[in-house]
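A.B. asks: Protein sequences appear in the order of chains A and B.
Counting in my numbering, the first sequence runs from 1 upward without gaps.
Counting in my numbering, the second sequence runs from 1001 upward without gaps.
One structure, as structure tokens, below. Some questions next.
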Amino acid sequence: MSFDLEKLKRSVIDGNASEALDLTRQALEERVPLELILNGGLIAAMSEVGKQFEAGMFYIPEMLIAARAMQACMDVLKPLLSVTDTRPLATVVIGTVKGDMHDIGKNLVRMMLAGAGFDVVDLGTDVTPEKFVQAIHEHRAKLVGLSALLTTTMISMGGIIKAIEQAGLRDQVKIMVGGAPITEDYARKIGADGYASDASRAVTVAKSLIIAL
Amino acid sequence: MSGFLLEHPAPDFDEFLSVMRGDKKPDRVPIVEIGIDSEILKNIQESYLDEPWALPDGVGGPSSPDKHYYQQLINLYYRLGYDFVPLWPLWVNLPSGRIRQAADTAGASRGFRDWVDESSALIRSQEDFERFPWDQIRAAPETLDMADDLVPEGMKVTVSGNLFENIFESLLGYEGLFFLLRDNPQLVEDVFNRWGQIVYEYYRVCVECDVVGAIFHADDMGFKTGTMISPADLRRLLFPWLAKYAALAHEHGKPFWIHSCGNLYRNSPSVMDDLIDMVKIDGFHSFQDVIMPVGEVKTRFGDRIALMGGVDMDKLATLPESELRSYLRGILDTCMPAGRFALGSGNTIANYVPLQNYSILLEEAHDWKI
């Protein structure tokens, strides 16, 4: 039986990890190009998941289940991808800002960015400006994502952007922000390059920002 | 301009209810909060009433029934001009989820702010469910007895439990709930039903007390752009319980109000439509301008339910005085004339709301002319 790309895509969208894994292995046995499995199958599936989420048809559980299915396939593909020329779209450093421990929103952004082909460095929560700067430098990041849940913690986003400027890294990166109290206006006010209202839109914003680099 | 604390408060919960039901137009601006952080209460207590706050620094609420605390709490709400005091259950034998801490960045900092560990869960399997001490969990009844002794004439208390929120913050955890909805939906249903019943039993005791004026249930369901789980799952798992709580309140002649953060307005029928039509809520609390300003909610739903709160937290915490006053007056001008509205924060008076801004909210409410 020949490999069915649409079926792989559908199994990821449906969160059927075992079927997705079987189909990925089948594709590899049939020597389907890695790029096709990745871009035409897995990343395309997560793009569809994002669209469904934005349309209000998928919710957090559906996103997580799909991301889990994709991750299972990626675990098989990764060792093979590393010996090819396949590169991520860009390296993104993300984190929840100092004083803020809200994880789930940032984790969803991480999953969706990884699902879209970004290499994501997740600094976790309660992240200091210094740690952001260090990570950008160490990983040669092109994108930075800042997350905050509360009005009282989002204030530190401006400080992080200043710290990146002072480290001489501002021209190297594009900075996007998100979280419950964050607005487009606030993003503009603090000098961020982009704002995303949820994890799926974060992918759209990220892609548009790397084009601008 | 009137003062921050009232010298001669005249709470009238029955009047508040009449206005919220739309039975009469208000002759003053009703105010409401589902919670005021301990740091704010302590500040008011010690700065304006010249008496030490009942709780130690950094402690948000009592761990056991404490009459001195309730005396101060009720007196503060009374002097601030509220018609009711929101009370939360003191759960006995309820295991708590794992907490993480970070430095509290609020102006009235408590040192460290507790955060739910979103990856932790008390129940991950059917075995965990069977072992959980469900039968030992109860709410301390002394709280209501104390309230009954302490509440001034005309004033009542409301009672607030969590169902969905306790499940995703503690019992199953955020990630646990989200994955289990696919991996073990029966376990999810069992947890909703078991915890739902415990909350029902709590409310059943409460509604029989005269001092309890309403059930003011609190369950955050969403975030900026939608609900955490699908409306279909909410209808299947949560709303039947909320409907039971509402029916219980109504059987005792009391209203059922609900607090929920998040975007409940997408699609048609929306989750808000479900709350009104299926659950039969009488009032709704919690508004965020980035989702939908209260004025717009008033236009869409204000003829069907009471709206309570409305002041966006970010604006309440950060606007300078003149802009804040203008913003508050705008809300009052939009929402007060038709009635069925009470002014308050869109969430709680959190410790990152400057006391001055909170006092401006109260002043604008006290001074606004119908």
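By construction, the Cβ of each residue, glycine as well, lies at the ideal position given by its N, Cα and C atoms.
1) Pull up the DSSP beta-bridge partners for Ile-1349/B, would you.
2) DSSP state of Arg-1340/B, grouped into three classes?
3) Spatial neighbours of Asp-14/A within its chain, please: C-beta separation below 7 Å, excluding the five flanking residues on both sides.
4) Would you call the region 1102-1109 of chain B and the region 1343-1358 of chain B touching, i.e. three or more CB-CB distances under 8 Å?
5) Which chain B residues are close to Thr-183/A, counting only those with a beta carbon under 9 Å from its beta carbon?
6) Can you pull the chain A neighbours of Met-1228/B, defined as C-beta to C-beta under 7 Å?
7) List in chain order: all unbroken alpha helix (DSSP H) runs of 4+ residues lying wholly within the region 1053-1083 of chain B.
8) State the CB to CB distance for the pair Ser-1345/B and Gly-1309/B, rounded to an integer number of angstroms; the pair is presumed to be in contact (CB under 8 Å).
9) For Met-101/A, which residues in the same chain have their Cβ closer than 8 Å to its Cβ, ignoring the five residues on either side in sequence?
10) Provide the residue span of the beta strand (DSSP E) that contains Phe-1284/B, from first to last.
11) Can you give the beta carbon distance from Thr-1158/B to Pro-1086/B, rounded, assuming they're within the 8 Å contact cut?
12) Starting from the beta carbon of Ser-197/A, find every residue of chain B whose beta carbon is closer than 7 Å, and list them in chain order.
13) Would you say Gly-1081/B and Leu-1006/B are within 8 Å of each other, going by their C-beta atoms?
14) Does any residue of chain B have a CB that is nearer than 8 Å to the CB of Ala-101/A?
15) Between which two residues does the beta strand (DSSP E) harbouring Lys-1156/B extend?
16) Using the rule of at least 16 other Cβ atoms within 10 Å of the residue's Cβ for burial, across every protein chain shown, is Asp-1367/B buried or exposed?
17) Within 10 angstroms of its Cβ, does Met-1001/B collect 16 or more other Cβ (buried), or is it exposed?
18) Please classify Thr-183/A: does DSSP put it in a helix, a strand, or coil?
19) Let's test the definition: count the other Cβ atoms within 10 Å of the Cβ of Val-83/A and tell me whether it reaches 16, buried, or not, exposed.
20) Looking at Gly-1283/B: is its Cβ nearer than 8 Å to the Cβ of Phe-1084/B?
21) Along chain B, in chain order, which residues have C-beta atoms closer than 7 Å to that of Gly-56/A?
22) For Lys-142/A, collect the residues of the same chain with a Cβ closer than 8 Å to its Cβ; drop the 5 residues on either side in sequence, then sort them by chain order.
23) With respect to the alpha helix (DSSP H) encompassing Ile-1360/B, which residues constitute its N-terminal and C-terminal limits?
24) Using beta carbons (cut-off 8 Å, strictly below), is Phe-1179/B in contact with chain A?
25) Pick out whichever of Gln-166/A, Gly-179/A, Thr-152/A, Val-120/A has its Cα sitting closest to the Cα of Leu-146/A.
26) What is the residue span of the beta strand (DSSP E) that Ala-1218/B lies within?
27) By the criterion of Cβ-Cβ separation under 9 Å, what are the contact partners of Leu-123/A in chain B?
28) Given 7 Å as the limit, tell me if Thr-24/A has its C-beta closer than that to any heavy atom belonging to the ligand ZN.
29) Can at least three beta-carbon pairs, one atom from the region 1155-1170 of chain B and one from the region 1194-1201 of chain B, be found at a separation below 8 Å?
30) So with Cβ pairs under 8 Å, would you call Ile-190/A a contact of chain B?
31) Using a C-beta cutoff of 8 Å, does Leu-1005/B count as contacting chain A?
32) Along the chain, where does the beta strand (DSSP E) that runs through Gly-1310/B open and close?
33) Tell me Pro-1086/B's beta-bridge partners as DSSP assigns them.
C.D. replies: Once the coordinates are examined:
1) Ile-1036/B
2) coil
3) none
4) yes
5) Asp-1289, Val-1290, Asp-1314
6) Tyr-59, Ile-60
7) 1067-1080
8) 6 Å
9) Thr-125, Asp-126
10) 1283-1285
11) 5 Å
12) Lys-1224, Thr-1225
13) yes
14) Looking at the sequence provided, one finds Met at residue 101/A rather than Ala. Yes, because at least one Cβ of chain B sits closer than 8 Å to the Cβ of Met-101/A.
15) 1156-1159
16) exposed
17) With a pLDDT of 36 at Met-1001/B, under the threshold of 50, the modelled position of that residue is not reliable, and no figure is offered here.
18) coil
19) exposed
20) no
21) Gly-1226, Arg-1266, Asn-1267
22) Ala-90, Thr-91, Val-92, Gln-172, Val-173, Lys-174, Ile-210, Leu-213
23) 1355-1367
24) yes
25) Gly-179/A
26) 1212-1218
27) Going along chain B, no residue has its Cβ under 9 Å from Leu-123/A, so there is no contact; the nearest lies around 14 Å.
28) This structure does not include the ligand ZN; it has no bound ligands of any sort.
29) yes
30) no
31) no
32) 1306-1311
33) Thr-1158/B
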